[in-house]
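Undergrad: Encoded as structure tokens, here's the structure I'll be asking about.
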């Protein structure tokens, strides 16, 4: 950190030797451009800026709960309004900082892409990716399609992701034939091509409002920063990144209303149970096989196998989902084969199940391996001497002796599957009634300012299910211990 | 032709006739503390191997049963070759049909006594009869964990006898039985061996057990097996 000599009038409130840094909480889509703007600002004023970038829906509640921030820049006027109503920001300081534009993107190289919004209704696109309906981008996209009367025709083909960036990634990978994202995101990704922009007079113009927070201890500096960010110099920097000018008032449409997302909590609970149960059943035989192998056999590459199996435990689930999408996406050999067999993975219940399975598998295997480690293998030897070969011995001795432990592993994997979020949202999306499990539904509700009340049903269901699962795990583990203690007890 | 230990052998030194069973074990098992290295050709149907603990007695039984993957050498019963590491022969345990009674019984904890006894496929009548001769009839529906040590040993013995063994490998089978019961059970095992022509290899550190069951004694000390009078 340098020691800039702060001289001009702007920073008079922080005229110490080292001006105190401004803390700016800003929407994730600004994370490439805002630091550039902040550098220019610091050259002028000497005041450093620290950023925290996240989804607007994450930042607004953080500020409401007292995060030590000086400036908030939202991707969405609704969240800004939400915060203003709750006294989180100084209402008089709210102003637009920049605008963005919705564009329709297709994978680069797509022949004959649709040329305008209306043509989407008839276009030969199997899948169209949109951001989750409770994110600003998702709502803007729907509003734009409704405006041209294409929504009804498009809706059955819509696949819903989480964030805009995730939506973009699906199009970039060719998992989706097209999608609606922000221009700024599209420009930064060479695997997609902009087919057309929603630039009609009535089209919504995504606007980024900024405000000084109510709790800031340096309101002047914060206000000055906002002035700078919405000023001419910053506007040029924004424009270089594809953003539009802040004062483009002509097309600012009403942000589509935030009618709480059509979200049936019980559908999410049911879906979670289906996904977790299928994951556990699908994983049973592999988990027993791998657990047994790791406990009972030495073979070349054993530690490698163990590492691969355990990896999802420590790798961020989002990364796991990304890797799964790479291996199982439509563009991959395996994914293509599965899709041809009528078993497409991305955006399907099967995909959600697989994501849950892969993330829960380490716990599954670990529990089963531990059980086979503790079951005295001489029981198996006795069985052999009684004329019973290996496989029947496994069935008659090893398996029943390990049964409670295997069940405990299954319950643990079940519980983990219930909570799975990161890998699922990347691989399977966030689609009501298809892949929106409890965790995804809670996330969607939290994204929406009006959804917070309905969240409780799901939160309670989620906590209850998890506790019941853990209770089951505890009892099964105890049963297992009794089962093996049998033979040690009598001597 | 008669070899150094009084057994009849043919020109190559293989046993003929007179031996009821013709076990020949020439095995080496590298162990942590010692190497078990024996060249053994017992002369009687019922033999006891005595020796201090840690001398390799249990390992020898396990090697005969085919449970020691490290065992090398040659083991044969009659004209059947169980192990010949030079020729790459290693008959799996379940084909050797040894009646192994391990020292700590290893009753299957998830099965009742009845199910333990019937494990090798015996009929309910056979199980009942065996239980009766081992004084276990009242306990048949219990799980092993509700049994005393002596009861467990009798179940383990019965389970082995019911598997139609071609040789009994008994590892301290009576250690938890009191003296009178020990004699009775030993007599029952001898009767079984006589009726079925089953040879017995008893491993023990107890001279008394050897007297009850065996006609011939060997001493195993630090992995070396030697004939011991008798």
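Protein chains in written order, with our numbering: chain A, -17 to 473; chain B, 39 to 268.
Ideal Cβ placement from N, Cα and C applies to all residues, glycine included.
(1) Helix or strand or just coil, what does DSSP make of residue 84 (chain B)?
(2) Which stretch, first to last residue, makes up the beta strand (DSSP E) that contains residue 242 (chain B)?
(3) Could you list the residues in the stretch 366 to 381 of chain A with a C-beta less than 7 Å from some C-beta on chain B, going in chain order?
(4) Should residue 472 (chain A) be flagged as near chain B, meaning a C-beta pair shorter than 8 Å?
(5) Check distances from the C-beta atoms of the stretch 107 to 123 of chain B to those of chain A and list, in chain order, the residues that come in under 8 Å.
(6) In chain A, which residues lie less than 9 Å from residue 264 (chain B) when you measure between Cβ atoms?
(7) Given that residue 148 (chain B) touches chain A, what residues does it touch there, using C-beta distances under 9 Å?
(8) Should the stretch 403 to 419 of chain A be called in touch with the stretch 319 to 337 of chain A, which here means at least 3 C-beta pairs below 8 Å?
(9) Counting only runs of 4+ residues fully inside the stretch 372 to 411 of chain A, write out the alpha helix (DSSP H) ranges in chain order.
(10) In chain order, what residues of the same chain lie with their CB nearer than 8 Å to the CB of residue 249 (chain B), ignoring the 5 residues before and after it?
(11) Closer than 8 Å, CB to CB, is residue 103 (chain B) near chain A or not?
(12) Is there a C-beta anywhere in chain B that falls below 8 Å from the one on residue 353 (chain A)?
(13) So what's residue 439 (chain A) in DSSP terms, helix, strand or just coil?
(14) Going by C-alpha distance, which of B:115, B:89, B:101 and B:105 is nearest residue 236 (chain B)?
(15) Got a sec? Which residues, its chain only, sit under 6 Å from residue 292 (chain A) by beta carbon, not counting five neighbours each side?
(16) If residue 11 (chain A) and residue 167 (chain A) are in contact, beta carbons under 8 Å, what's the gap, nearest whole angstrom?
(17) Among A:428, A:405 and A:463, which residue has its Cα nearest to the Cα of residue 300 (chain A)?
(18) Using beta-carbon positions only, say whether residue 114 (chain A) and residue 426 (chain A) come within less than 8 Å of one another.
(19) Can you tell me where the beta strand (DSSP E) with residue 154 (chain B) in it begins and where it stops?
(20) Does residue 84 (chain B) pass the burial test, meaning 16 or more other C-beta atoms within 10 Å, or should it be called exposed?
(21) Can you say whether residue 13 (chain A) is buried or exposed, counting buried as having 16 or more other CB atoms within 10 angstroms of its CB?
(22) Using DSSP with H/G/I as helix, E/B as strand and the rest coil, what is residue 76 (chain B)?
(23) Are the beta-carbon atoms of residue 393 (chain A) and residue 455 (chain A) separated by less than 8 Å?
(24) So which of A:45, A:372, A:49 and A:86 has the shortest CA-CA distance to residue 66 (chain A)?
(25) At least one CB of chain B closer than 8 Å to the CB of residue 279 (chain A): is that the case?
(26) From the DSSP output, in three-state form, read off residue 179 (chain A) for me.
(27) I'd like to check one pair, residue 451 (chain A) with residue 350 (chain A): are the Cβ atoms closer than 8 Å?
(28) On the three-pair Cβ rule with 8 Å, is the stretch 167 to 183 of chain B touching the stretch 381 to 401 of chain A?
(29) Buried or exposed for residue 388 (chain A), please, with buried defined as at least 16 other CB atoms from any protein chain shown within 10 angstroms of its CB.
(30) Could you tell me whether the Cβ atoms of residue 214 (chain B) and residue 191 (chain B) are closer together than 8 Å?
(31) Suppose only complete runs of 3+ residues qualify. What are the beta strand (DSSP E) ranges in the stretch 172 to 228 of chain B, listed by chain order?
(32) Tell me residue 263 (chain B)'s beta-bridge partners as DSSP assigns them.
(33) Grab the span of the alpha helix (DSSP H) containing residue 350 (chain A) for me, first residue to last.
(34) Can you check whether the C-beta of residue 418 (chain A) is within less than 8 Å of a C-beta belonging to chain B?
(35) State yes or no: is the beta carbon of residue 151 (chain A) nearer than 8 Å to at least one beta carbon in chain B?
(36) Does the distance from the C-beta atom of residue 308 (chain A) to that of residue 341 (chain A) stay below 8 Å?
TA: Taking the geometry as given:
(1) Position 46 of the second chain, counted from the first residue, corresponds to residue 84 (chain B). Of the three classes helix, strand and coil, the one that applies to residue 84 (chain B) here is strand, per DSSP.
(2) Start at 1 with the first residue of the second chain, and residue 242 (chain B) comes out as number 204. Per DSSP, residue 242 (chain B) belongs to the beta strand (DSSP E) from 238 to 242.
(3) 366, 367, 368, 369, 370, 371 and 379
(4) As a working note, residue 472 (chain A) is residue 490 in the first chain. Annotation note: pLDDT 39 at residue 472 (chain A) (below 50); position unreliable, coordinate value reported separately. For residue 472 (chain A), the nearest CB of chain B lies under 8 Å from its own CB, placing it at the interface with that chain.
(5) none
(6) Here residue 264 (chain B) refers to the residue found at position 226 when the second chain is read from its first residue. Correct list: empty, because the minimum Cβ distance to chain A is about 27 Å.
(7) Along the second chain, one-based indexing puts residue 148 (chain B) at 110. Within 9 Å Cβ-Cβ: 379, 382, 383, 385, 465 and 468.
(8) yes
(9) 372 to 375, 381 to 401 and 404 to 409
(10) In the second chain, counting from the first residue as 1, residue 249 (chain B) sits at position 211. Excluding sequence neighbours, residue 249 (chain B) sits near nothing in its chain.
(11) Your numbering for residue 103 (chain B) matches position 65 in the second chain. Interface residue, yes.
(12) Within the first chain, numbered from 1, the residue matching residue 353 (chain A) stands at position 371. For residue 353 (chain A), the answer is no, since every Cβ of chain B falls outside 8 Å of its Cβ.
(13) As a first step, residue 439 (chain A) must be located in the first chain, where it is residue number 457. Helix, per DSSP.
(14) The residue you call residue 236 (chain B) lines up with position 198 of the second chain. It is B:115 whose Cα lies nearest to the Cα of residue 236 (chain B).
(15) Sequence index remark: in the first chain, residue 292 (chain A) carries index 310 (1-based). Within the same chain, residue 292 (chain A) has close Cβ partners 344.
(16) Residue numbering aside, residue 11 (chain A) sits at position 29 when the first chain is read from its first letter. Residue numbering aside, residue 167 (chain A) sits at position 185 when the first chain is read from its first letter. 7 Å between Cβ atoms; contact.
(17) What you label residue 300 (chain A) is simply residue 318 of the first chain in a count that begins at 1. Among A:428, A:405 and A:463, the Cα nearest to that of residue 300 (chain A) is on A:405.
(18) Counting from 1 along the first chain, the entry for residue 114 (chain A) is found at position 132. Counting from 1 along the first chain, the entry for residue 426 (chain A) is found at position 444. Cβ atoms of residue 114 (chain A) and residue 426 (chain A): closer than 8 Å.
(19) Within the second chain, residue 154 (chain B) is the residue found at index 116, counting from 1. Here residue 154 (chain B) belongs to no beta strand (DSSP E); instead the alpha helix (DSSP H) covers 151 to 155.
(20) Translated into positions along the second chain, residue 84 (chain B) becomes position 46. Buried: at least 16 other Cβ atoms inside 10 Å.
(21) As a first step, residue 13 (chain A) must be located in the first chain, where it is residue number 31. Burial call: exposed.
(22) One-based indexing of the second chain puts residue 76 (chain B) at position 38. The answer is strand: DSSP assigns residue 76 (chain B) an E or B state.
(23) The residue you call residue 393 (chain A) lines up with position 411 of the first chain. The residue you call residue 455 (chain A) lines up with position 473 of the first chain. Yes, these two residues count as a Cβ contact at 8 Å.
(24) Start at 1 with the first residue of the first chain, and residue 66 (chain A) comes out as number 84. With distances taken between Cα atoms, residue 66 (chain A) lies closest to A:45.
(25) Along the first chain, read from residue 1 onward, the residue named residue 279 (chain A) stands at position 297. Cβ-Cβ to chain B under 8 Å: no for residue 279 (chain A).
(26) For the purposes of this step, residue 179 (chain A) is identified with residue 197 of the first chain, where counting begins at 1. Looking at residue 179 (chain A) - three-state DSSP - the assignment turns out to be strand.
(27) The residue you call residue 350 (chain A) lines up with position 368 of the first chain. The residue you call residue 451 (chain A) lines up with position 469 of the first chain. Cβ atoms of residue 350 (chain A) and residue 451 (chain A): not closer than 8 Å.
(28) no
(29) Within the first chain, residue 388 (chain A) is the residue found at index 406, counting from 1. The residue is buried, with at least 16 neighbouring Cβ atoms inside 10 Å.
(30) As a working note, residue 214 (chain B) is residue 176 in the second chain. As a working note, residue 191 (chain B) is residue 153 in the second chain. Yes, they are a contact pair.
(31) 205 to 209
(32) Taking the first residue of the second chain as position 1, residue 263 (chain B) is located at position 225. B:258, per the DSSP bridge assignment.
(33) For the purposes of this step, residue 350 (chain A) is taken as residue 368 along the first chain, with counting starting at 1. Residue 350 (chain A) -> alpha helix (DSSP H) spans 331 to 356.
(34) Your numbering for residue 418 (chain A) matches position 436 in the first chain. Answer no: the Cβ-Cβ gap between residue 418 (chain A) and chain B never drops below 8 Å.
(35) Position 169 of the first chain, counted from the start, is the residue given in the question as residue 151 (chain A). It does not; no Cβ of chain B falls within 8 Å.
(36) On the first chain, position 326 is the one that residue 308 (chain A) refers to. On the first chain, position 359 is the one that residue 341 (chain A) refers to. No, they are not a contact pair.
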